Each structure stands twice: as C-alpha cells, then as structure tokens.
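Mapped onto the numbering used here, the consecutive letters of the sequence shown carry residue numbers 1012 to 1106. Virtual Cβ for every residue (Gly too), placed ideally from N, Cα, C. Fair warning: this is a prediction, and the values are worked out from it, not measured in the lab.
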Amino acid sequence: MGAAALAIAGVAIAQNHEANENRIIGKHSERDIPLAQVPEAAMNAARAQLASISKAEQVTRKADGSTLYEIKGKNSDGKTIELFVTPEGQVLGRE
1012 MGAAALAIAG VAIAQNHEAN ENRIIGKHSE RDIPLAQVPE AAMNAARAQL
1062 ASISKAEQVT RKADGSTLYE IKGKNSDGKT IELFVTPEGQ VLGRE
C-alpha cells in the first residue's frame, strides 16, 4: 500500500472516529487535561470499567455547554476503550 493510500485511510479512520463521538455525545470541542483535573466521581466510574487509565480530555458539548470527560484506558483484556463520563460519574457511552 502506497503512502497516499495510507494517508487517505488514516483520514477516513479519524473522520469515522469523530462521527462516532458525535453520535454518542453530540457536536463538541475537546482539550487534553491532566488526570488530576478529572472529578473524583468521573475517575471512580472510569476505574470501575478500566484496568488502567492513560489519558483524559475535557469535552464541552456545543448544544448546551455542558462538560463531560473522555477518559481513555485499557480494559482487563488489554483493549483500548474511551469512556464518556459526566462530572457526577455517569457513563454516557464508550468507544
């Protein structure tokens, strides 16, 4: 597979990822934050489903301005999972 084909495939995967996120939580913006800035209830909810946590993003929904946290880690099988969690610890979806 040539470099151009790989680049096109990478763009398609990124667009599909964004479309899936929009399906779960609606149009949004996100920014990386330190794990220490994620509310305790959200982290506890993520720890209940993930064996390890590697990254967090603060997500702002465009429709209503509400804040969610996208928490990325691995489950007990080693599969990478992204959870969308409210500050109160409710898991709204996973990817």
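Taking DSSP's pairing of strands, which residues face Lys-1085 in a bridge? Ser-1063, Thr-1091
Jot down the residue ranges of each uninterrupted beta strand (DSSP E) in the segment 1032-1079, minimum 3 residues, whole runs only, in chain order. 1039-1044, 1063-1072
Apply the 10 Å Cβ neighbour rule to Gly-1084 and answer buried if 16 or more other Cβ atoms are within range, or exposed otherwise. buried
For Glu-1106 and Glu-1032, which I take to be in contact (beta-carbon distance under 8 Å), what is that distance rounded to the nearest angstrom? 7 Å
Rounded Cβ spacing between Leu-1079 and Arg-1072 (contact assumed at less than 8 Å): 7 Å
So, are the CB atoms of Val-1049 and Ile-1082 less than 8 Å apart? yes
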